[in-house]
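Asker: Whatever position you read off the sequence shown (first residue = 1), add 8 for the numbering used here.
Just so it is clear, CB atoms sit at the ideal spot from N, CA and C, and this is done for glycine as well.
The model shown is predicted, which means the values in this text are computed figures rather than measured ones.
Mind looking over this structure? Questions follow.
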Amino acid sequence: MDDQTIQTSIDATRPDRRPSGFLDTLRTLGYAIALALVIRTLAFEPFSVPSESMLPTLEVGDYFFVSKYAYGYSRHSLPFSLPLFSGRLFAREPARGDIVVFKLPRDDSTDYVKRLIGLPGDRVQVRSGIVYVNDQPLVRRPVASSIHRDGRGNSLVYRERTPEGAGFDTIDRYRSAQDDTEVFLVAPGHYFMMGDNRDNSRDSRFLNEVGQVPAENLVGRAELLFFSTKGTARLWEVWKWPATIRYTRLLTTLRPARADLRPQG
């Protein structure tokens, strides 16, 4: 028996150590899932809009990205809100006028999206439909030729401005109990949230349902509307896209713009 025959016999008895294609696929899939979780936890997470409480800014069927790093990280930044730590890491103060995703304080699990109106220590009140912060009204004026129409009838769209100059649109539909409220004193480490659809939003004005939001419950700041349908197609229902996509809403920034509401003349 020559050396070549001996070597061939040895090679034939060795187990095949080459990874199979199936294991390669599993490994690649695992890496992809791990990378997606890291991005979702530390950078950006997608959310969808389930209600009309943020009209006209957000509509049912909108999908948007939230920056997870904007305000730092809490346990609610983690998958399933794992209680690995308390408080916020690398905390940054939110800005009035930001659209914020947060966990509902009463159950610490339901995602809500509203606009931040009151900062810690602020006094917030609604008088005749006008929002006052520290006794100063948020200046607003009707948006020219802008009327929101739905099954309840017509309502005016207003451009509103915070004292810091952030501008955004709101809807004033009709007289409601929420048009005149008590004075809310925002507690330390808490925030006061309101929907842009002022007469159709459960928010911090409803103390037993939402109330003031602890800093730890902030998930992140809404940044970019990346996809939108008419509410009849989900993101994965590709075959419905051509008839349902709202093309004019795609890639819309959700950061409030600077607003100049000085009288025009």
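So which of Tyr255, Glu245, Asn225 and Lys248 has the shortest CA-CA distance to Leu281?
Answerer: What is shown of the chain runs 9 to 273, which leaves residue 281 out entirely.
Asker: Along the chain, where does the alpha helix (DSSP H) that runs through Asp32 open and close?
Answerer: Translated into the one-based positions of the sequence shown, residue 32 becomes position 24. First-last of the alpha helix (DSSP H) with Asp32: Gly29 to Leu50.
Asker: What would DSSP say about Asp187, mapped onto helix, strand or coil?
Answerer: Here residue 187 refers to the residue found at position 179 when the sequence shown is read from its first residue. Helix.
Asker: Does the count of Cβ pairs from the stretch 238 to 257 and the stretch 102 to 111 closer than 8 Å reach three?
Answerer: They do not touch, by the three-pair rule.
Asker: Between the C-alpha atoms of Asn205 and Leu63, what's the straight-line distance to the nearest angstrom?
Answerer: Taking the sequence shown and counting its residues from 1, one reaches residue 205 at position 197. Taking the sequence shown and counting its residues from 1, one reaches residue 63 at position 55. Spanning the two alpha carbons is a distance of roughly 5 Å.
Asker: What first and last residue would you give for the alpha helix (DSSP H) that runs through Ala195?
Answerer: In the sequence shown, the residue the question calls residue 195 occupies position 187. No alpha helix (DSSP H) holds Ala195; DSSP gives it neither H nor E.
Asker: Name the two residues that bound the continuous beta strand (DSSP E) containing Ala230.
Answerer: Taking the sequence shown and counting its residues from 1, the one referred to as residue 230 is at position 222. Start and end: Leu226 to Ser236.
Asker: Can you look up Pro68 in the DSSP assignment and give me helix, strand or coil?
Answerer: What you label residue 68 is simply residue 60 of the sequence shown in a count that begins at 1. The question names Pro, but residue 68 in the sequence shown is Val. Looking at Val68 - three-state DSSP - the assignment turns out to be coil, as it is neither helix nor strand.
Asker: On the three-state DSSP scale, how would you describe Tyr255?
Answerer: Stepping through the sequence shown from its first residue, residue 255 is reached at position 247. Helix.
Asker: My understanding is that Arg104 touches Gly80, with C-beta atoms under 8 Å, so please give their C-beta distance in whole angstroms.
Answerer: Taking the sequence shown and counting its residues from 1, one reaches residue 104 at position 96. Taking the sequence shown and counting its residues from 1, one reaches residue 80 at position 72. Contact doesn't hold; Cβ gap of about 18 Å is too wide.
Asker: Taking all protein chains shown into account, do 16 or more other C-beta atoms lie within 10 angstroms of the C-beta of Asp211, making it buried, or fewer, making it exposed?
Answerer: The count along the sequence shown starts at 1 and reaches residue 211 at position 203. Label assigned to Asp211: buried.
Asker: What does a CB cutoff of less than 6 Å around Tyr120 pick up in its chain, not counting 5 residues either side in sequence?
Answerer: Counted from its first residue, the sequence shown places residue 120 at position 112. So the list reads Phe110 and Leu112, once near-sequence residues are dropped.
Asker: Looking at the structure shown, is Arg114 part of a helix, part of a strand, or coil, going by DSSP?
Answerer: Locating residue 114 in the sequence shown gives position 106, counting from the first residue. DSSP places Arg114 in coil when its eight states are reduced to three.
Asker: Would you list the residues sitting across from Gly219 in a DSSP beta bridge?
Answerer: Here residue 219 refers to the residue found at position 211 when the sequence shown is read from its first residue. DSSP lists no partner for Gly219.
Asker: Taking the beta strand (DSSP E) that Val134 belongs to, which residues open and close that run?
Answerer: Residue mapping note: residue 134 aligns to position 126 of the sequence shown, counting from 1. Taken as a continuous stretch (DSSP letters only), the beta strand (DSSP E) holding Val134 covers Arg131 to Arg135.
Asker: Hey, is the stretch 116 to 131 in contact with the stretch 182 to 198, meaning 3+ C-beta pairs nearer than 8 Å?
Answerer: A contact exists between the stretch 116 to 131 and the stretch 182 to 198.
Asker: Please name the residue, chosen from Leu124, Glu245 and Val139, that lies closest to Val227 on a Cα-to-Cα basis.
Answerer: Taking the first residue of the sequence shown as position 1, residue 227 is located at position 219. Val227 has its Cα closest to that of Leu124, out of Leu124, Glu245 and Val139.
Asker: Which one or two residues does DSSP pair with Ser56 in a beta bridge?
Answerer: Within the sequence shown, residue 56 is the residue found at index 48, counting from 1. Answer is Tyr71.
Asker: Starting from the C-beta of Ile138, find all residues in its chain whose C-beta is less than 8 Å away, skip the five residues before and the five after it, and write them out in chain order.
Answerer: If you number the sequence shown from 1, residue 138 lands on position 130. Pro145, Leu146 and Arg148, listed in sequence order.
Asker: State the Cα-Cα distance for the pair Ser163 and Val151, rounded to the nearest angstrom.
Answerer: Residue numbering aside, residue 163 sits at position 155 when the sequence shown is read from its first letter. Residue numbering aside, residue 151 sits at position 143 when the sequence shown is read from its first letter. Each residue's Cα considered, the two are about 11 Å apart.
Asker: Just tell me which of Ser136, Leu43, Ala40 and Tyr255 has its CA closest to the CA of Ser184.
Answerer: Numbered from its first residue, the sequence shown carries residue 184 at position 176. Taking only the C-alpha atoms, the option nearest Ser184 is Ser136.
Asker: Closer than 8 Å by C-beta to Arg266: which residues in its own chain qualify, once you throw out the five before and the five after it? Chain order, please.
Answerer: Here residue 266 is taken as the residue at index 258 of the sequence shown, counted from 1. Cβ neighbours of Arg266 beyond the five flanking positions: Gly173, Ala174 and Gly175.
Asker: Give every residue of the same chain whose Cβ lies closer than 7 Å to the Cβ of Leu86, excluding the five residues on either side of it in the sequence, and list them in chain order.
Answerer: Stepping through the sequence shown from its first residue, residue 86 is reached at position 78. Cβ neighbours of Leu86 beyond the five flanking positions: Thr49 and Leu92.
Asker: Would you say Glu53 and Val74 are within 8 Å of each other, going by their C-beta atoms?
Answerer: Working through the sequence shown from its first residue, we reach residue 53 at position 45. Working through the sequence shown from its first residue, we reach residue 74 at position 66. Taking 8 Å as the Cβ cut-off, Glu53 and Val74 qualify as a contacting pair.
Asker: Given this structure, state the Cα-to-Cα distance separating Phe72 from Val191, to the nearest angstrom.
Answerer: If you number the sequence shown from 1, residue 72 lands on position 64. If you number the sequence shown from 1, residue 191 lands on position 183. Phe72 and Val191: Cα-Cα distance of roughly 33 Å.
Asker: Suppose you measure from the CA of Leu243 to the CA of Asp143; what does that come to, to the nearest Å?
Answerer: For this step, residue 243 is matched to residue 235 along the sequence shown. For this step, residue 143 is matched to residue 135 along the sequence shown. Using only the alpha carbons, I get a separation of about 43 Å.
Asker: Measure the Cβ-Cβ separation of Leu233 and Thr260 and say whether it is below 8 Å.
Answerer: Here the question's residue 233 lines up with position 225 in the sequence shown. Here the question's residue 260 lines up with position 252 in the sequence shown. Taking 8 Å as the Cβ cut-off, Leu233 and Thr260 qualify as a contacting pair.
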